[in-house]
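The structure appears below as structure tokens.
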Amino acid sequence: MLLIPLGGFLALAVWLWGYGGADSVTRWAAAGQRDVQNAMAGALRALKRGEAGALATLWGLCFAYGFFHAAGPGHGKLVIGGYGLGRRVPVLRLSGLALASSLGQAATAVILVYSAVLALGWTRQQVQGLSDGLFEALSYGAVGLIGLWLLWRGARKVWRGAAPVRGHAHDGEDPCETCGHAHGPTVEQAETVRSLPEALALVGAVAIRPCTGALFLLILTWRLGLDWAGIVGAFVMGLGTATVTVTVALAAVTFRESALMQAATGRGSVRLLALVELLAGLAVVLLAGQLLMRGGIF
Amino acid sequence: MLRGLTAILAMLTAPAQAHPHLFVDADVALVYEAGTLRAVRLTWTYDEFFSLLLTEDLGLDPDMDGQLTGAERATLSDAVLDWPEGYEGDLYVTQGGRPVQLGARQDASVAFEDGQVIERHTRPVAAAAPGDATVRVYDPGYYTAYTVVTPVTVTGNAACTAQVRRADLIAATEKVDELLYGMPQDEAEVAFPEVGKDFADTIRVSCGG
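In order, the protein sequence lines correspond to chains Z and P. Numbering follows the numbering used here, with no gaps: position 31 of the first sequence is 31. Remember, the numbering used here sits 1000 above the position in the second sequence when you count from 1.
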């Protein structure tokens, strides 16, 4: 069952990456976001008047808004893509992370707006100001840390010229599974242990910076007394965003696997992959550093 | 433009956050006198979503019928016309590639029609040389995406005509992507502030000869 949507995404990823599809999306997204934004105002008015079907229309538009918005430039996409290029992450796991980070972004928007609005009685300007100042700085800091971490991992491997972390020498032929002492972690265990904090860091870095569009929607629906329509709408927006981030994740993994894995299959591949990891980390660190400096944090 | 909004704009310095959140139709009228550009009249029509956010935030038009009372119009007008210090007005005129100094806005007014906020004003052009000029309306940080409404009118000189060249969105987006995906830092420092301009429509006025 999973293979059908996966195949569709993969085809989309290949189209976006290799056949100029991204250009069409760019043109389409620019006009689309504007049209959707106007239509959302109409849907909100219709909902306020109690018109039938207005809620479904609004949520449909939210999905489209998320898609079009994410199709433009955004650092959520960048983190996912850079991570997918730099680390050997299974497709499904990276897609799951992409989805989680998009929904996490929606959750942050809801929490931000309602904690400020309900608990503190803030006005719209103050809520947005908080988001764009503090949260942005936190998010770029987090992105920078991920970059540094990738950099460190890559550098360590390059300098050692070593094989990736391996399990114990007698993997798969262990004569005794309950000998009472811990062997080195298996590849699977190592992956799991390492990837949990990784996953949290990745999702957190994206989720901590909520989308302004979701904030707009939540503030509007709060003012209009349509709170739940807005809260659900914010998560639907996140799903729309996720269609793009998942596509980027698939494209990144596809690209990495086809280009790099074929380039070198022997000992060289380890070094090559480490180098890619290093470069990805470097790019992310540079980016985050610039963002922080422009934000006047440094 | 709004104080709160522009304050946010000032903080939105990252290309990652540069995609627009506010869409504005810009109607541009160019006033020539004796062969020289003397004024630019702007009519900005805000998108419906942002207009709704604005009026709701100010507590206006509670029945949402798109009609404001006199007092409500005054409240809206004050909010929209309260330009913050340092806000340049998003209008850029050049001649031969060099920027032309613009005067402070005049005749500013705000209207509310069909659920959309409309801001109008005139910028005098004191120091233009006679003849051709290039006019752009853009937000350098690209928080606001302006679209120039065609046709652009030119009055006061029958020899001058205006042509609008649409922004090359693909090239502009590619530029943002290049900035995002980590290129030499010094290059990015130079290129970054011009992202909004890359997404701008260009009005070229040619006066023959």
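Just so it is clear, CB atoms sit at the ideal spot from N, CA and C, and this is done for glycine as well.
Proximity to residue i [Cα-Cα], best of the options
i: W1044 (chain P); options: P:V1135, P:A1200, P:S1109 and P:G1131; result: P:S1109
i: D35 (chain Z); options: Z:L44, Z:L200 and Z:F68; result: Z:F68
i: G110 (chain Z); options: Z:P90, Z:L94 and Z:M237; result: Per the sequence shown, residue 110 (chain Z) should be read as Val rather than Gly. Answer by Cα proximity: Z:M237.
i: V1164 (chain P); options: P:L1054, P:D1082, P:P1020 and P:V1028; result: P:V1028
i: T108 (chain Z); options: Z:A249, Z:N38, Z:G213 and Z:R223; result: Z:G213
i: G104 (chain Z); options: Z:Y65, Z:A249 and Z:L200; result: Z:L200
i: Y1046 (chain P); options: P:M1064, P:L1058 and P:F1023; result: P:F1023
i: V244 (chain Z); options: Z:E51, Z:A39, Z:G96 and Z:P90; result: Z:G96
i: D1063 (chain P); options: Z:G50, Z:L94 and Z:A56; result: Z:G50
i: D1082 (chain P); options: P:Y1138, P:V1176 and P:H1121; result: P:H1121
i: Q33 (chain Z); options: Z:A64, Z:W59, Z:L58 and Z:T57; result: Z:A64
i: G1070 (chain P); options: P:A1111, P:G1096 and P:Y1138; result: P:A1111
Whether residue i touches residue j by CB criterion (8 Å)
i: R1146 (chain P); j: A1039 (chain P); result: The question names Arg, but residue 1146 (chain P) is Tyr in the sequence shown. No, the pair does not count as a contact, with Cβ atoms beyond the cut-off.
i: L1102 (chain P); j: R1136 (chain P); result: no
i: A1159 (chain P); j: T1036 (chain P); result: no
i: F1199 (chain P); j: A1162 (chain P); result: no
i: G1196 (chain P); j: P1140 (chain P); result: yes
i: D1061 (chain P); j: L1068 (chain P); result: yes
i: A41 (chain Z); j: E1048 (chain P); result: yes
i: V1148 (chain P); j: V1125 (chain P); result: no
i: E1054 (chain P); j: T1075 (chain P); result: It should be pointed out that residue 1054 (chain P) corresponds to Leu in this sequence rather than to Glu. Cβ distance not < 8 Å, so L1054 (chain P) and T1075 (chain P) don't count as in contact.
i: L1169 (chain P); j: L1091 (chain P); result: no
i: V246 (chain Z); j: A98 (chain Z); result: yes
i: V1080 (chain P); j: E1113 (chain P); result: no
i: L224 (chain Z); j: E1072 (chain P); result: no
i: R1204 (chain P); j: T1153 (chain P); result: no
i: L226 (chain Z); j: V113 (chain Z); result: no
Environment of residue i [buried if 16+ CB atoms lie within 10 Å]
i: D1107 (chain P); result: exposed
i: S101 (chain Z); result: buried
i: W304 (chain Z); result: Limits of chain Z in this structure are 1 at one end and 298 at the other, which puts residue 304 (chain Z) out of reach.
i: A234 (chain Z); result: buried
i: S115 (chain Z); result: exposed
i: D1201 (chain P); result: buried
i: P1020 (chain P); result: buried
i: P1151 (chain P); result: exposed
i: G240 (chain Z); result: buried
i: A1104 (chain P); result: exposed
i: T1144 (chain P); result: buried
i: P210 (chain Z); result: buried
i: G66 (chain Z); result: buried
i: L94 (chain Z); result: buried
i: A70 (chain Z); result: buried
i: A56 (chain Z); result: exposed
i: A242 (chain Z); result: buried
Sequence-distant residues of the same chain with beta carbon closer than 7 Å to residue i, five excluded per side
i: S1051 (chain P); result: G1115, Q1116 and V1117
i: A54 (chain Z); result: A43, A46 and L47
i: C1207 (chain P); result: G1035, G1131, D1132, N1157, A1159 and C1160
i: A106 (chain Z); result: A214, A234, F235, M237 and G238
i: W59 (chain Z); result: V232, G233 and V236
i: G1066 (chain P); result: D1114 and G1115
i: E1088 (chain P); result: none
i: A39 (chain Z); result: L61
Residues near residue i in its chain [Cβ-Cβ closer than 6 Å; skip 5 each side]
i: G230 (chain Z); result: L217, L218 and T221
i: C179 (chain Z); result: The predicted position of C179 (chain Z) is uncertain, since its pLDDT is 35 and thus under 50; a value taken from the coordinates is nonetheless stated next. Cβ within range, chain order: n/a, list empty.
i: D62 (chain Z); result: It should be noted that the sequence gives Cys, not Asp, for residue 62 (chain Z). Taken in chain order, the residues that qualify are G233, V236 and M237.
i: L2 (chain Z); result: Residue placement at L2 (chain Z) is poorly supported in this model, since its pLDDT is 44, which falls under 50; the coordinates still yield a value, given next. For L2 (chain Z), where only same-chain residues beyond five positions count, there are no Cβ hits under 6 Å.
i: A207 (chain Z); result: S101, G104, Q105 and T108
i: Q1095 (chain P); result: A1129 and A1133
Cβ-based neighbour list, residue i, same chain, cut-off 8 Å, excluding 5 preceding and 5 following
i: T1155 (chain P); result: A1029, L1030, V1031 and Y1032
i: A1172 (chain P); result: V1195, D1198 and F1199
Residue i: CB within 7 Å of a non-hydrogen atom of the ligand NAP
i: L1169 (chain P); result: Looking at this structure, you won't find the ligand NAP or any other ligand, since it has none at all.
Contact set between the segment 1078-1111 of chain P and chain Z, restricted to residues whose Cβ is under 8 Å from the partner: none
Selection of the segment 1145-1164 of chain P by Cβ proximity to chain Z, strictly under 7 Å: none
Members of the segment 35-60 of chain Z that neighbour chain P once the beta carbon cut-off is set at 9 Å: V36, Q37, N38, A39, M40, A41, G42, L44, R45, K48 and R49
Residues of the segment 1038-1060 of chain P whose Cβ lies closer than 9 Å to any Cβ of chain Z, in chain order: D1047, E1048, F1049, F1050, S1051, L1052, L1053, E1056, D1057 and G1059
The segment 211-242 of chain Z: positions lying closer than 8 Å to chain P by Cβ: T212, G213, F216, I219, L220, R223 and L224
Positions along the segment 1111-1133 of chain P whose CB lies within less than 8 Å of some CB in chain Z: G1115
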